[in-house]
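> If you scroll down you'll find the structure; I have some questions about it.
Chains as they are written, first to last, in the working numbering: chain A, -16 to 496; chain B, 3 to 328.
Okay, structure coming up:
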């Protein structure tokens, strides 16, 4: 394929965690001036490979060479110094420090032993500009920035280290569409400057746009490397999951109106200037998608419905009756039956050090307690049933959740709320950063829940998911519902154009009979 | 947002502590029977300096998201040691001072080494080492006694140019020579980073261990300076268990009053100094208003509660309930 000597080469890398083989004699070549996409399901060994490359963990066997010299890194600092810098999926920013402090955290400019703040600020401003984020103030505290801005700071921080190899691990998953465009421009410029980029993403269209080479990992080994664009999406996914890829999404049944009032109805719901005049009805058995660019009020809408926001205006009706939902406790009560599956599973959804059992129990103690005492037998029975139902892969319900893979953690979050037998399920981007296999299971689960009579409101940043999973899609823009798409109207083109608040130029379609 | 508003946001906790102290001290000074005088300021500052040193020590550790429950005992130990060795000729006294400060540094280094390499919780580690330091103090001074170089003691507890209390100058010097360089150094920033998010600090390649070690060591040094000043005020050494523990607990109160987050990552030792000064003024306020001294603990508790609540006022206006937990 490429004749030139690689910048970086890994050969025969293996890593075991206890009995689990995370990486099994894997190899990889990285060339300067190219963007190399790494594909694979969660658990395929991608993250482990990167952790080895940046010195977070040491390999059990195998060698790595950088510019022809063999390297072994004692820690992330050593790898950074050698020129390998990674932008991690879990952010490495320090919330209480300023943007400038964060960008230069490892090698701040000093004068007389103290940090030279003026020089630091200049370098930080330069790095922010190179990352296409010149609008971020270097003195702002990272904790005050929204997630997408933090990700831009993370990229600026990586650039300030003058890397030879830049690794992006799901680095765009938190970005808004506008930022993704900017980041892509930056990455293409870096490629032309001769940097080697490793790009890890679950978003196929991003890889199609960016990558020069693709490598697919499965079960801890590199299965195949090929030039980008030489294989179809279906072929790539087959390589990733090792079996034929079909029916990613379950069939959508035709729902007949049953004359019952909608399970959930909003009338002119508003909250400050963040939510404006939102009205819709959600029926039992229906999956409604929330689309649009990130940060257009979708998250606020879900929080408003779940009773987290104060001073909302407008009405919420459950089964046709007006209700006041003033806290999550009210929202999940039997009378209302709401569940919210949160976006950030690490902080809002799970108590990571606690066991699967405790996590599953947390929202559902009413189900198996009497007079304030927990009925252990009933608890175990319900939990075993749920683990089977959702196919959570865990050796025991007493294992800490932190020991599970990302996909299984997300299943625990979903299962936790299903313990309550909710009638209306709100989901906030449940498949972000999750592998294809687990995604499919979650889609099947959602459809099954709907068929069993649940009403589902699904916010997703993944267009394919909205198209494949939802009966209707509400596209939000600037806190309001910009457009409602039904059935065959839900196309990528319609989603994108209404998300950007422009007309798609297609003639108005007659509504499906 | 303009530059000064970022500065204001950064210094919010410290400024609040200064504000609380100034308000309380004005009430105290205007109601003092003798009025606002150099004498009154000297007495007040001598009383507050000890706690201020210990509070600085505590703040430096708390910023790394740790806690040092041995600061009061290091103060007691160094007080007992000083009553033995800070005596005699100028040279002997100087060596004695170095010995006392060195002991404080050593105590801090022991704390740091156990927390870092033993991977023990700071709270448990420092309870244990604090008990050990007290044990040594008790062996040094089974009964109160000893003496100190009185010329030095009087010089450092008197007034400079007849106006400024020397103890206050020493406090300012410690802040300027220890805290300011530390907080602006790479190690100091790593300490803030560690306190804010240890995982992120590690991933960023910040020197976490060096930062923690430096924090505990400096805490030992500052506690020892406190112990030295205690000896200068009292002219004796005493292994007083209750007073050692009181310094530890009050140092935590002062740190909180001073706007240092107990979660780590936010605050400054300057804020802690003013927190300590404010905390001491609470007691004095009772004195000028002629309250029964029995009221002091209750009153101190109430004022502390109110002062800490000021920091929570922002939460009342929150419109997204999730911010309550941020």
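Beta carbons: idealized from backbone N, C-alpha and C, even for Gly.
Report the start-end ranges of each alpha helix (DSSP H) in the segment 253 to 307 of chain B that is 4 residues or longer and not cut off at the edges.
Listed in chain order, they are 271 to 290.
> Closer than 7 Å by beta-carbon distance: list the chain A residues that pair up with residue 225 of chain B, in chain order.
Translated into positions along the second chain, residue 225 of chain B becomes position 223. Simply none; closest approach about 24 Å.
> Under 8 Å between beta-carbons, which chain A residues line up against residue 183 of chain B? List them in chain order, please.
On the second chain, position 181 is the one that residue 183 of chain B refers to. Within 8 Å Cβ-Cβ: 96, 97.
> Would you tell me roughly how many angstroms separate the C-alpha atoms of residue 343 of chain A and residue 192 of chain B, rounded to the nearest one?
As a first step, residue 343 of chain A must be located in the first chain, where it is residue number 360. As a first step, residue 192 of chain B must be located in the second chain, where it is residue number 190. Taking the straight line from one Cα to the other gives about 37 Å.
> Report the neighbours of residue 42 of chain B on chain A: residues whose CB is nearer than 9 Å to its CB, in chain order.
The count along the second chain starts at 1 and reaches residue 42 of chain B at position 40. Those within 9 Å of residue 42 of chain B in chain A number zero; the least Cβ separation is about 37 Å.
> For residue 371 of chain A and residue 444 of chain A, what's the separation of their Cα atoms in angstroms?
Along the first chain, one-based indexing puts residue 371 of chain A at 388. Along the first chain, one-based indexing puts residue 444 of chain A at 461. Using only the alpha carbons, I get a separation of about 29 Å.
> Compare the Cα-Cα distances from residue 299 of chain B to each of B:252, B:224, B:310, B:202 and report the closest residue.
Along the second chain, read from residue 1 onward, the residue named residue 299 of chain B stands at position 297. Residue 299 of chain B has its Cα closest to that of B:252, out of B:252, B:224, B:310, B:202.
> Out of A:160, A:167, A:254, A:80, which has the shortest C-alpha to C-alpha gap to residue 113 of chain A?
Position 130 of the first chain, counted from the first residue, corresponds to residue 113 of chain A. With distances taken between Cα atoms, residue 113 of chain A lies closest to A:167.
> Opposite residue 171 of chain A in the DSSP bridges: which residues?
Along the first chain, read from residue 1 onward, the residue named residue 171 of chain A stands at position 188. Its beta-bridge partners do not exist; DSSP assigns none.
> Measuring CB to CB, does residue 450 of chain A end up less than 9 Å from residue 474 of chain A?
In the first chain, the residue the question calls residue 450 of chain A occupies position 467. In the first chain, the residue the question calls residue 474 of chain A occupies position 491. For residue 450 of chain A and residue 474 of chain A, yes; Cβs fall inside 9 Å.
> If you drop the 5 nearest sequence neighbours on each side, which residues of the same chain put their C-beta closer than 8 Å to that of residue 31 of chain A?
Residue 31 of chain A sits at position 48 when you count from the first residue of the first chain. For residue 31 of chain A, where only same-chain residues beyond five positions count, the Cβ hits under 8 Å are -2, 5, 6, 40, 203.
> With 9 Å as the threshold, decide whether the Cβ of residue 140 of chain A is near any Cβ in chain C.
Checking the listed chains, one finds no chain C in this structure; the protein chains it contains are A and B.
> Suppose you measure from the CA of residue 495 of chain A to the CA of residue 441 of chain A; what does that come to, to the nearest Å?
Along the first chain, one-based indexing puts residue 495 of chain A at 512. Along the first chain, one-based indexing puts residue 441 of chain A at 458. For residue 495 of chain A, the predicted model reports a pLDDT of 38, less than 50, meaning its position is unreliable; a value from the coordinates is still stated below. Rounded to the nearest angstrom, the two C-alpha atoms are 23 Å apart.
> Three-state secondary structure (DSSP) at residue 289 of chain A?
The residue given as residue 289 of chain A occupies position 306 in the first chain. Correct three-state label for residue 289 of chain A: coil.
> Let me make sure I understand the geometry here. Which of A:321, A:59, A:395, A:436 has the alpha-carbon closest to that of residue 424 of chain A?
Counted from its first residue, the first chain places residue 424 of chain A at position 441. It is A:395.
> With the cut-off set at 9 Å, would you say residue 134 of chain A and residue 162 of chain A are in Cβ contact?
Taking the first residue of the first chain as 1, we reach residue 134 of chain A at position 151. Taking the first residue of the first chain as 1, we reach residue 162 of chain A at position 179. Yes.
> Got a sec: which bits of the segment 63 to 83 of chain A sit with their beta carbon under 9 Å from any beta carbon on chain B, in order along the chain?
Residues passing the 9 Å Cβ filter: 63, 64, 69, 71, 73, 74, 75, 76, 77, 78, 79, 80, 81.
> Skipping 5 residues on each side, what residues in its chain have a beta carbon closer than 6 Å to that of residue 31 of chain B?
The residue you call residue 31 of chain B lines up with position 29 of the second chain. The residues are 38.
> Please identify the residue among A:303, A:326, A:398, A:364 whose C-alpha is closest to the C-alpha of residue 345 of chain A.
Here residue 345 of chain A is taken as the residue at index 362 of the first chain, counted from 1. Residue 345 of chain A has its Cα closest to that of A:398, out of A:303, A:326, A:398, A:364.
> Closest Cβ-Cβ distance between residue 39 of chain A and chain B: below 9 Å?
The count along the first chain starts at 1 and reaches residue 39 of chain A at position 56. Taking Cβ atoms only, chain B reaches closer than 9 Å to residue 39 of chain A, which makes this a yes.
> For a contact defined as C-beta to C-beta under 7 Å, what are the partners of residue 89 of chain A on chain B?
On the first chain, residue 89 of chain A is found 106 positions in, with the first residue counted as 1. The answer, in chain order, is 206, 207, 208.
> DSSP on residue 375 of chain A, reduced to helix/strand/coil?
To locate residue 375 of chain A, count along the first chain from 1; it is residue 392. Three-state DSSP puts residue 375 of chain A in coil, outside helix and strand.
> For residue 197 of chain B and chain A, any beta-carbon pair shorter than 9 Å?
Position 195 of the second chain, counted from the first residue, corresponds to residue 197 of chain B. Cβ-Cβ to chain A under 9 Å: yes for residue 197 of chain B.
> Note down the Cα distance separating residue 35 of chain B from residue 97 of chain A, rounded to an integer number of angstroms.
As a working note, residue 35 of chain B is residue 33 in the second chain. As a working note, residue 97 of chain A is residue 114 in the first chain. One C-alpha to the other measures close to 47 Å.
> I'd like to check one pair, residue 20 of chain A with residue 38 of chain A: are the Cβ atoms closer than 9 Å?
Residue 38 of chain A sits at position 55 when you count from the first residue of the first chain. Residue 20 of chain A sits at position 37 when you count from the first residue of the first chain. No, the pair does not count as a contact, with Cβ atoms beyond the cut-off.
> Could you check which residue in A:105, A:379, A:340, A:407 has the C-alpha nearest to that of residue 361 of chain A?
Position 378 of the first chain, counted from the start, is the residue given in the question as residue 361 of chain A. Checking every option, the nearest Cα to that of residue 361 of chain A belongs to A:340.
> Does the distance from the C-beta atom of residue 322 of chain A to that of residue 313 of chain A stay below 9 Å?
Numbered from its first residue, the first chain carries residue 322 of chain A at position 339. Numbered from its first residue, the first chain carries residue 313 of chain A at position 330. No; because the gap between Cβ atoms is not below 9 Å, this pair is not in contact.
> So, residue 390 of chain A versus residue 422 of chain A, is the Cβ gap smaller than 9 Å?
As a first step, residue 390 of chain A must be located in the first chain, where it is residue number 407. As a first step, residue 422 of chain A must be located in the first chain, where it is residue number 439. In contact: residue 390 of chain A and residue 422 of chain A (Cβ atoms closer than 9 Å).
> If you run the structure through DSSP and keep just helix, strand and coil, what is residue -4 of chain A?
As a working mapping, residue -4 of chain A is identified with position 13 in the first chain. In this structure, residue -4 of chain A counts as strand in the three-state DSSP scheme.
> Nearer than 8 Å: is that true of the beta carbon of residue 60 of chain B relative to any heavy atom of the ligand FMN?
Judged by which ligands are present, the structure shown has none, so any question about the ligand FMN falls away.
> Rounding to the nearest angstrom, what Cα-Cα distance links residue 18 of chain B and residue 235 of chain A in this structure?
For the purposes of this step, residue 18 of chain B is identified with residue 16 of the second chain, where counting begins at 1. For the purposes of this step, residue 235 of chain A is identified with residue 252 of the first chain, where counting begins at 1. Going by the C-alpha atoms only, they are around 59 Å apart.
> Which residues in chain A have a C-beta closer than 9 Å to the C-beta of residue 187 of chain B? List them in chain order.
Within the second chain, the letter at position 185 stands for residue 187 of chain B. Within chain A, the residues near residue 187 of chain B are 93, 96, 97, 98.
> Please name the residue in B:267, B:262, B:162 whose C-alpha comes closest to that of residue 200 of chain B.
Mapped onto the second chain, residue 200 of chain B falls at position 198. Among B:267, B:262, B:162, the Cα nearest to that of residue 200 of chain B is on B:267.
> Return the chain-ordered list of same chain residues with a C-beta closer than 6 Å to the C-beta of residue 267 of chain A, the five sequence neighbours on each side being excluded.
By 1-based counting over the first chain, the position of residue 267 of chain A is 284. Excluding sequence neighbours, residue 267 of chain A sits near 246, 436, 438.
> Rounded to whole angstroms, what's the CA-CA distance from residue 265 of chain B to residue 78 of chain A? Just pull it up for me.
Your numbering for residue 265 of chain B matches position 263 in the second chain. Your numbering for residue 78 of chain A matches position 95 in the first chain. Rounded to the nearest angstrom, the two C-alpha atoms are 12 Å apart.
> In terms of residue numbering, what span does the beta strand (DSSP E) encompassing residue 469 of chain A cover?
Along the first chain, one-based indexing puts residue 469 of chain A at 486. Looking at the DSSP string, the run of the beta strand (DSSP E) that includes residue 469 of chain A is 463 to 469.
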